[in-house]
Amino acid sequence: MKAIRIHNHGNEEQLVVDSISKPEQAADELLIRVKTAALNHLDLWVREGIPGVPLPLIMGSDAAGVVEAVGPLAERDFSFKTEDEVLTVPIRSCGHCRFCVSGQENLCAQFHIPGESVQGTQAEWITVPAKYALPKPKALSWAEAAALPLAAMTAYQMLFTKVRLSYGQRILIYGASSGVGSMAVQMAKAVGAEVFTTVGNDEKANLAKQLGADHVIHYKKENIAARVKEQTGGAGVDVVFEHTGEKTWADSLRVLRKGGKLVTCGATTGPIVRIDLRALFIKHQQLIGSTMGTLNDMHGVLKMVENRQLKPVIGKEFPAEEIRQAHAFLAEGRSFGKVVVNFA
Ligand SMILES: [Zn+2]
191 MKAIRIHNHG
201 NEEQLVVDSI
211 SKPEQAADEL
221 LIRVKTAALN
231 HLDLWVREGI
241 PGVPLPLIMG
251 SDAAGVVEAV
261 GPLAERDFSF
271 KTEDEVLTVP
281 IRSCGHCRFC
291 VSGQENLCAQ
301 FHIPGESVQG
311 TQAEWITVPA
321 KYALPKPKAL
331 SWAEAAALPL
341 AAMTAYQMLF
351 TKVRLSYGQR
361 ILIYGASSGV
371 GSMAVQMAKA
381 VGAEVFTTVG
391 NDEKANLAKQ
401 LGADHVIHYK
411 KENIAARVKE
421 QTGGAGVDVV
431 FEHTGEKTWA
441 DSLRVLRKGG
451 KLVTCGATTG
461 PIVRIDLRAL
471 FIKHQQLIGS
481 TMGTLNDMHG
491 VLKMVENRQL
501 KPVIGKEFPA
511 EEIRQAHAFL
521 AEGRSFGKVV
531 VNFA
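Next up, the structure:
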């Protein structure tokens with residue numbers, strides 16, 4: 191079968207479509223024929239080299255496809271059957287530590303994300319523990335279903351599990367065109383928040399407005415902090431949704447109001463930032479870290495899809511053979527929404 195793998199870290203040239211043997215499902219697993227797998231920024235970091243990546247590695251954290259075989263325990267405990275249409279949840283954890291049993295799998299000492307520290311989803315067939323497969327929402331295409339899990343769980347955990355965003359609050363969400371940003375804008379609007387977001391060009395500005403953003407800031411030609419301050423009468427926002435890091439950090443703290451919360455899941459422009467502790471404590475602010483989400487967050491995501499409050503935005507679809515072009519497209523920031531690869 192075809193599998194997108196890396197054997198070494200480096201640029202896009204390291205991505206190869208290998209021919210490897212089809213996997214066999216364990217007793218508690220499903221064998222899934224993948225229709226579509228999604229890319230995330232994580233794929234770029236993994237390809238470039240982060241610690242703990244087993245090589246060679248099948249890339250990718252998300253997939254949607256059709257169940258082709260069901261292990262006996264997966265059938266007994268989860269009632270899956272062949273031809274079921276599913277999406278996969280990018281969580282692997284021990285299942286029995288105090289974090290796992292309290293629904294905080296991403297704090298488990300054995301927490302893994304497929305395509306990072308265990309084999310990933312960008313292959314014609316994959317095996318997945320039945321507890322980490324869920325029915326594909328009927329309203330979503332294969333591409334939309336594959337695009338959903340990692341980005342949406344990440345946004346959901348940040349907005350609702352971590353900062354409990356609510357009606358009437360003001361939030362600054364960086365990068366409406368990114369996978370996680372495009373999900374977060376929709377989720378924040380669904381609960382009645384006032385959304386400020388940033389984009390790099392006019393075309394992306396229009397798409398951000400279509401997603402529901404109230405205020406769209408062109409970060410290349412406008413000062414983000416000045417625009418937010420002007421629109422809020424100097425008060426700033428209740429929540430900053432960060433995933434960019436160094437380049438935006440100073441603006442993020444400048445626009446965060448008294449009692450505000452900054453939640454971050456990424457550092458695409460660099461990881462080292464400065465903090466004036468006096469401002470932090472005098473303003474009663476909170477800085478909160480967040481990585482990925484839990485199975486419980488994924489159920490929240492699916493509820494929003496079912497309620498028509500959330501629909502993944504697909505930037506571009508590539509055939510699996512064009513994985514190098516797909517990585518370049520994502521890395522260059524040309525996409526509005528998610529980039530996916532098709533195996534069908
Ligand atoms: Zn655990």
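Those letters in the sequence shown? Residues 191 to 534, per the numbering used here, in order.
In this text, a Cβ means the ideal position worked out from N, Cα and C, and glycines have one as well.
For residue i, tell me which candidate among the options has the shortest Cα-Cα distance.
i	options	result
residue 382	510, 465, 358	358
residue 384	426, 208, 307	426
residue 522	191, 202, 193	202
residue 244	306, 273, 477, 472	306
residue 535	264, 348, 304, 269	Residue numbering for the chain in the displayed model covers 191 to 534; residue 535 lies beyond these limits and cannot be assessed.
residue 374	478, 494, 208, 234	494
residue 528	328, 242, 499, 334	334
residue 479	352, 506, 266	352
residue 217	264, 229, 354	264
residue 411	423, 437, 400, 391	391
residue 463	436, 454, 300	436
residue 212	316, 273, 274, 342	316
residue 415	448, 438, 432	438
residue 496	444, 467, 446, 328	328
residue 378	367, 393, 355	355
Where DSSP assigns a beta bridge to residue i, which residues make up the other side?
i	result
residue 315	223
residue 208	193
residue 384	360
residue 215	Note: residue 215 sits in no beta bridge, so no partner.
residue 475	Answer by DSSP bridge pairing: none, since residue 475 is not bridged.
residue 530	228, 507
residue 325	276
residue 304	308
I believe residue i touches residue j by the beta-carbon criterion, under 8 angstroms. Please report the beta-carbon distance rounded to the nearest angstrom.
i	j	result
residue 278	residue 236	Contact flag wrong, Cβ pair sits at about 17 angstroms.
residue 488	residue 344	Their Cβ separation, rounded to whole angstroms, is 11 angstroms, which puts residue 488 and residue 344 out of contact at 8 angstroms.
residue 314	residue 223	7 angstroms
residue 510	residue 192	6 angstroms
residue 491	residue 477	Not confirmed; about 25 angstroms, so no contact.
residue 430	residue 442	5 angstroms
residue 312	residue 250	3 angstroms
residue 199	residue 238	6 angstroms
residue 484	residue 459	Incorrect: roughly 27 angstroms between the Cβ atoms, too far for contact.
residue 513	residue 205	5 angstroms
residue 475	residue 450	5 angstroms
Could you check whether residue j and residue i sit closer than 8 angstroms to each other, using their CB atoms as the reference points?
i	j	result
residue 371	residue 363	yes
residue 525	residue 533	no
residue 361	residue 322	no
residue 395	residue 332	no
residue 516	residue 503	no
residue 326	residue 276	yes
residue 220	residue 336	no
residue 408	residue 421	no
residue 228	residue 208	no
residue 402	residue 388	no
residue 230	residue 330	no
residue 309	residue 248	yes
residue 256	residue 273	yes
residue 419	residue 445	yes
residue 246	residue 302	no
With hydrogens ignored, establish whether the beta-carbon of residue i is closer than 7 angstroms to any heavy atom of ligand 2.
i	result
residue 462	In the structure shown, ligand 2 is absent; the only ligands present are ligand 1.
Around ligand 1, which residues pass a check of Cβ closer than 5 angstroms to any of its heavy atoms?
283, 284, 287, 290, 298
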